[in-house]
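Trainee: Going by the numbering used here, the sequence shown opens with residue 17, and the numbers climb by one from there.
All C-beta atoms in this analysis are idealised placements derived from N, C-alpha and C, irrespective of residue type, glycine included.
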Amino acid sequence: MTALNFRSRVNLFLACAMAAALAACGGTSPSTGGSSTTPPPTVSSVSVAPASPSITVGGSQQFTATAKDASGNTVTGQTFTWSSSAPSVATVDASGKATAVAAGTTQITAADGSVTSAAVTLTVTPPPPASITVTPASPTVQVGATQQFTATAKDASGNTLTGLTFTWASSATAVATVDASGKATAVAAGTTQITAASGGVTSAVDTLTVIPAGTVTGTAASGSPVAAATVTLKDAAGVTRTGTTAADGTFSVASGGLTPPFLLSVAASGGKTFYSVSADGNATTTINLDPLTDLIIRAWYQAQSSTVDAAFANPSALPAPTPAQVQLLSHVFVQTMSLWLENNGLDPTKFDPIATPFAANGSGLDKVLDETTVNTATGAIQVTDGTTTQNSTVTVTAATNAVSVTSSTSDGTHTSVATVSTIAPTQAPEAAALTGVNATLAAMLQVVTAKGAQLADTDLAPFVASDLIQDGQNATQWLGNMATTLRGVNAAMPVTAVNSLSPDGTVADISFEFIQNVAGSTNSQDVEMQFKNVGGTWLMEGNRRLGNFKVQSEMRVQQGAQAGSGPDINVDFQAPQGTVTGVTLSGGGIWSSAALQNQGTVIDTYAPTPTTTVDLTSDHWYIESNTLQTLVPAGTQFTVVTTPVSGSPVSTVVASNTFTTESVSFTNLGSTNIGALSLGQPVNYTWTLPKTFALARIKLNAQVFNSPQTNQNSVACSVKGAALPITATSGSITLPTTCGGQPVVQADINLIFIGVNGEQITVIAFYQ
17 MTALNFRSRV NLFLACAMAA ALAACGGTSP STGGSSTTPP PTVSSVSVAP
67 ASPSITVGGS QQFTATAKDA SGNTVTGQTF TWSSSAPSVA TVDASGKATA
117 VAAGTTQITA ADGSVTSAAV TLTVTPPPPA SITVTPASPT VQVGATQQFT
167 ATAKDASGNT LTGLTFTWAS SATAVATVDA SGKATAVAAG TTQITAASGG
217 VTSAVDTLTV IPAGTVTGTA ASGSPVAAAT VTLKDAAGVT RTGTTAADGT
267 FSVASGGLTP PFLLSVAASG GKTFYSVSAD GNATTTINLD PLTDLIIRAW
317 YQAQSSTVDA AFANPSALPA PTPAQVQLLS HVFVQTMSLW LENNGLDPTK
367 FDPIATPFAA NGSGLDKVLD ETTVNTATGA IQVTDGTTTQ NSTVTVTAAT
417 NAVSVTSSTS DGTHTSVATV STIAPTQAPE AAALTGVNAT LAAMLQVVTA
467 KGAQLADTDL APFVASDLIQ DGQNATQWLG NMATTLRGVN AAMPVTAVNS
517 LSPDGTVADI SFEFIQNVAG STNSQDVEMQ FKNVGGTWLM EGNRRLGNFK
567 VQSEMRVQQG AQAGSGPDIN VDFQAPQGTV TGVTLSGGGI WSSAALQNQG
617 TVIDTYAPTP TTTVDLTSDH WYIESNTLQT LVPAGTQFTV VTTPVSGSPV
667 STVVASNTFT TESVSFTNLG STNIGALSLG QPVNYTWTLP KTFALARIKL
717 NAQVFNSPQT NQNSVACSVK GAALPITATS GSITLPTTCG GQPVVQADIN
767 LIFIGVNGEQ ITVIAFYQ
């Protein structure tokens with residue numbers, strides 16, 4: 017080794033000392049090439065990439081994390097902790113690889129120690145569907161209604177896919193539109209194809225059928241509501257729809273697109289089933305279900321030797337009645353229940369047991385149902401309010417298609433009996449006659465309404481056969497009478513009974529009701545008349561009788577000069593003057609060819625036009641039984657033999673009407689001396705109303721005489737008072753001072769109460 021000089025030794029020492037110092041500070045001596053540890057940089061932020069990626073279910077996404085120091089320099093060699101906020105959507109492993117589990121979003125973060133990155137949103141979308149199905153299949157809705165459709169997508173393995181967005185379409189938007197949620201809105205009747213599409217896949221078409229709007233509503237009750245029960249509706253073709261009654265018995269069944277008439281049923285308590293039927297030809301209508309509707313439709317099928325149960329099972333084989341046929345049968349039961357309807361604030365002339373809406377709240381019709389018990393097996397009906405009781409029996413004779421209800425009503429003191437009947441027009445000729453007569457009456461009423469106060473007899477002539485004979489009056493006379501009655505009135509004329517039909521089906525004996533609105537109420541009058549088919553039009557032919565005769569059962573109450581009262585049968589006959597020579601009467605165990613007494617003549621004045629009048633003078637015959645100890649049953653037959661001036665005697669059989677033992681009277685009657693009567697001025701009378709039968713009419717009229725009534729040559733003049741509502745308890749009438757050109761010497765004031773079933777109370781005040 018070469019020896020070092022002193023300076024070299026000193027420099028070497030200094031170099032070694034410096035190296036030692038550096039080593040002590042962790043440095044490395046550059047001169048010797050030795051090593052020492054450098055402190056790592058501090059991480060101040062972490063970022064994750066890529067930002068906001070999207071993958072499909074089952075796919076993966078590799079995320080990377082980058083750490084930086086405070087100066088923004090990347091710090092390498094770091095280990096990160098990865099996390100997913102929603103592992104059910106996607107998981108992420110230790111390397112930052114995310115795997116999609118289900119559709120949705122999740123937040124992916126990476127952490128380096130205490131430093132965590134900002135979250136990155138990973139969106140997971142469903143895989144493309146292999147198929148799409150739309151439900152419900154082939155629904156039907158009414159115009160204006162909506163239908164919610166649902167789309168279900170599945171992958172190739174048949175797994176249901178969630179989270180998809182569908183594009184909905186309707187092939188015929190004029191029929192129905194469909195919105196982004198799949199809700200279709202029906203616009204017009206027809207069909208349209210509904211589809212849903214997503215991910216390039218479109219569903220099979222789903223046919224939506226839109227039917228015309230229609231809803232049957234009603235109330236099911238038997239006094240109390242029929243709640244939570246299934247209402248079944250069947251149309252004429254047997255198509256079925258259902259609904260459910262609410263707690264108050266109300267229900268609604270969609271009927272659009274169905275063919276009326278409808279049959280309905282509901283299961284009530286106690287194993288009972290109530291049936292009903294359409295009262296009109298509309299798809300949207302009211303059809304109640306209760307004991308009254310049940311009686312109506314049961315009677316219809318019983319008249320055909322069938323049952324409503326069989327018809328409901330097969331309505332195509334046993335068709336429901338038409339509206340006109342239903343209304344005819346309804347009238348029978350409305351008449352039967354009229355007292356109770358009136359007592360509970362209902363007008364029988366406007367009430368339809370099937371179509372009149374009602375609430376099961378213990379009032380109105382519901383109160384009537386509360387008071388009613390029906391035994392469908394026996395046809396027995398009982399109605400009672402605890403004071404007055406009505407017992408009725410329904411009789412159906414299939415051999416003649418006849419339906420009748422016989423009733424007896426008593427308040428413990430008085431009794432009223434009644435029978436209501438009709439032929440159920442189940443056969444084609446009867447149905448055709450009913451349709452034709454209804455058409456004639458409807459057309460005549462249109463003319464009456466259009467003409468109003470200007471109605472003339474010639475306006476009614478198109479509805480009358482030229483050979484009409486009604487109660488002895490010819491066509492000209494009767495037209496003048498009818499023009500006077502119908503002029504300026506607001507009226508209705510429903511057919512109430514088909515009494516008979518000729519074998520050839522061309523002549524029908526029909527009863528119809530003349531209903532007139534009076535002072536906010538109504539009064540009605542039954543009219544029986546024959547109609548004949550003339551060239552396809554049913555014209556009024558009249559009853560073909562020689563005169564107007566009535567076999568009248570009544571409670572007679574006489575006040576004034578001839579006081580007294582009691583049940584009575586009387587026969588009153590009037591014929592145009594000089595056409596009849598005599599009348600005899602037999603029947604009821606009371607008369608045997610008894611001659612009616614000639615009561616002189618009666619003058620009736622008619623106004624064929626608004627400005628003309630005509631007097632019709634009739635010969636008048638009369639006979640009465642006087643007070644009866646035993647009431648003659650309603651329907652008792654009497655034979656009236658009329659002898660005309662020329663030709664053979666004519667025999668006519670007439671049945672007595674209903675009967676009542678109830679009596680009322682004038683309550684303000686003063687002196688009945690003719691001198692005390694204010695002739696030529698209105699005279700007011702007051703009275704009370706009957707309680708055991710429902711009223712159809714109240715008449716206040718009079719007859720005045722120019723000589724004592726017992727004088728065969730006396731002349732009587734009829735005086736008609738103004739029409740009265742059935743609620744009237746007072747009225748006035750003006751009597752003339754002369755009759756037949758002579759002073760009035762006697763007057764009979766007649767107050768007549770006529771029940772809906774023909775019951776009658778006649779109160780007569782005799783002025784002499």
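Would you kindly work out how many angstroms separate the C-alpha atoms of F721 and L685, rounded to a whole number?
Mentor: C-alpha separation (whole angstroms): 20 Å.
Trainee: What's the call for T151, buried or exposed, on a 16-neighbour Cβ count within 10 Å?
Mentor: With fewer than 16 Cβ atoms within 10 Å of its Cβ, T151 is classed as exposed.
Trainee: Output yes or no for whether 8 Å exceeds the beta carbon distance between G576 and F782.
Mentor: Yes. Within cutoff.
Trainee: Return the CA-CA distance between V670 and I585, expressed in angstroms with no decimal places.
Mentor: Cα-Cα distance, rounded: 13 Å.
Trainee: Which one or two residues does DSSP pair with S100 in a beta bridge?
Mentor: DSSP, once it has assigned bridges, lists I124 as partnering S100.
Trainee: Quick one: what's got a C-beta closer than 6 Å to A245's C-beta in the same chain, skipping five residues either side?
Mentor: These residues qualify, in order along the chain: T261, V282, A283.
Trainee: Taking one C-beta from the region 649-656 and one from the region 599-608 each time, how about it: are there three or more such pairs within less than 8 Å?
Mentor: In short, these stretches touch, since the Cβ pair count reaches three.
Trainee: Look at the Cβ atom of S785, then the Cβ atom of I313, and state whether they are nearer than 8 Å.
Mentor: The requested residue 785 is not part of the displayed model; the chain covers only 17 to 784.
Trainee: Quick one: using the 10 Å Cβ neighbour count with 16 as the cut-off for buried, is E557 buried or exposed?
Mentor: So E557 counts as buried.
Trainee: Please identify the residue among P660, A623, A650 whose C-alpha is closest to the C-alpha of D635.
Mentor: Minimum Cα distance to D635 is reached at P660.
Trainee: Closest by CA to T58, which one among Q593, G75, V91?
Mentor: Answer by Cα proximity: V91.
Trainee: If F367 sits next to V350, beta carbons under 8 Å apart, how far is it from one beta carbon to the other, in whole angstroms?
Mentor: Right, the Cβ-Cβ distance comes to about 6 Å (below 8 Å), so this counts as a contact.
Trainee: Ends of the beta strand (DSSP E) at L280?
Mentor: Counting along the chain, the beta strand (DSSP E) containing L280 begins and ends at 279-283.
Trainee: As a quick exercise: from T301, T141, S518, I526, pick the residue whose alpha carbon is nearest that of T512.
Mentor: Of T301, T141, S518, I526, the residue nearest in Cα terms is I526.
Trainee: Counting only beta-carbon atoms, is A204 nearer than 8 Å to chain D?
Mentor: Looking at the structure shown, chain D is missing, and only one protein chain is on hand.
Trainee: Could you give the uninterrupted runs of the beta strand (DSSP E) lying entirely in the region 683-722, keeping only those of 3 residues or more?
Mentor: Taking only runs of at least 3 residues, the beta strand (DSSP E) segments lying wholly in the region 683-722 are 698-702, 711-721.
Trainee: Apart from the five residues on each side of it in sequence, which residues of its chain come closer than 7 Å, Cβ to Cβ, to R560?
Mentor: For R560, where only same-chain residues beyond five positions count, the Cβ hits under 7 Å are I485, Q546.
Trainee: My assumption, with CB atoms under 8 Å, is that S408 sits in contact with T422. Please give the rounded CB distance.
Mentor: So it is a contact: roughly 7 Å between Cβ atoms.
Trainee: Below 6 Å CB to CB, which residues in the same chain sit around Y622 once its five sequence neighbours on both sides are set aside?
Mentor: So the list reads G496, N497, T500, V630, once near-sequence residues are dropped.
Trainee: Would the region 200-209 and the region 169-180 be scored as touching if the rule is three or more Cβ pairs under 8 Å?
Mentor: Result no; under three Cβ-Cβ pairs closer than 8 Å.
Trainee: The alpha helix (DSSP H) spanning Q343 covers which residue range?
Mentor: Q343 -> alpha helix (DSSP H) spans 339-352.
Trainee: Look up A237 in the DSSP assignment and say whether it is helix, strand or coil.
Mentor: DSSP places A237 in strand when its eight states are reduced to three.
Trainee: Measure the C-alpha to C-alpha separation of V399 and E387 and round it to an integer number of angstroms.
Mentor: Their Cα atoms are separated by approximately 5 Å.
Trainee: Per DSSP, what are the beta-bridge partners of V735 in this structure?
Mentor: V735 pairs with A718.
Trainee: For the region 327-344 against the region 249-263, do three or more pairs of beta-carbon atoms, one drawn from each stretch, fall closer than 8 Å, so that the two count as touching?
Mentor: Short answer: they touch.
Trainee: In three-state terms, what does DSSP make of I312?
Mentor: Residue state, collapsed to three classes: helix.
Trainee: Measure the CB-CB distance between T97 and A134 and report whether it falls below 8 Å.
Mentor: No, the Cβ-Cβ distance between T97 and A134 is not below 8 Å.
Trainee: Express the C-alpha separation of V247 and S70 in angstroms, rounding to a whole number.
Mentor: Those two C-alpha atoms are separated by around 55 Å.
Trainee: So, with DSSP's three-state summary, where would you put M509?
Mentor: M509 falls in the coil class under three-state DSSP.
Trainee: Compute the Euclidean distance between the alpha carbons of G691 and D764, then round it to the nearest angstrom.
Mentor: Near 14 Å, if we compare the C-alpha coordinates of D764 and G691.
Trainee: Within 10 angstroms of its Cβ, does D109 collect 16 or more other Cβ (buried), or is it exposed?
Mentor: D109 comes out exposed.
Trainee: Please report the straight-line C-alpha distance between A86 and K113, rounded to a whole angstrom.
Mentor: Computed Cα separation, rounded: 27 Å.
Trainee: Report the option in R503, G504, A192, A477 whose CA atom is closest to the CA atom of A491.
Mentor: Considering only alpha carbons, the answer is A477.
Trainee: Quick check on G42: buried or exposed, where buried means 16 or more other Cβ atoms within 10 Å of its Cβ?
Mentor: Low confidence applies to G42: its pLDDT is 42, below 50, so where it sits in the model is not reliable enough to give any reading.
Trainee: Per the DSSP calculation, V138 is bridged to which residue(s)?
Mentor: Before going further, note that residue 138 is Leu rather than Val in the sequence given. Bridge partners of L138: T122.
Trainee: Are the region 590-603 and the region 712-719 touching, with three or more C-beta to C-beta distances below 8 Å?
Mentor: Cβ pair count under 8 Å is below three, so no.
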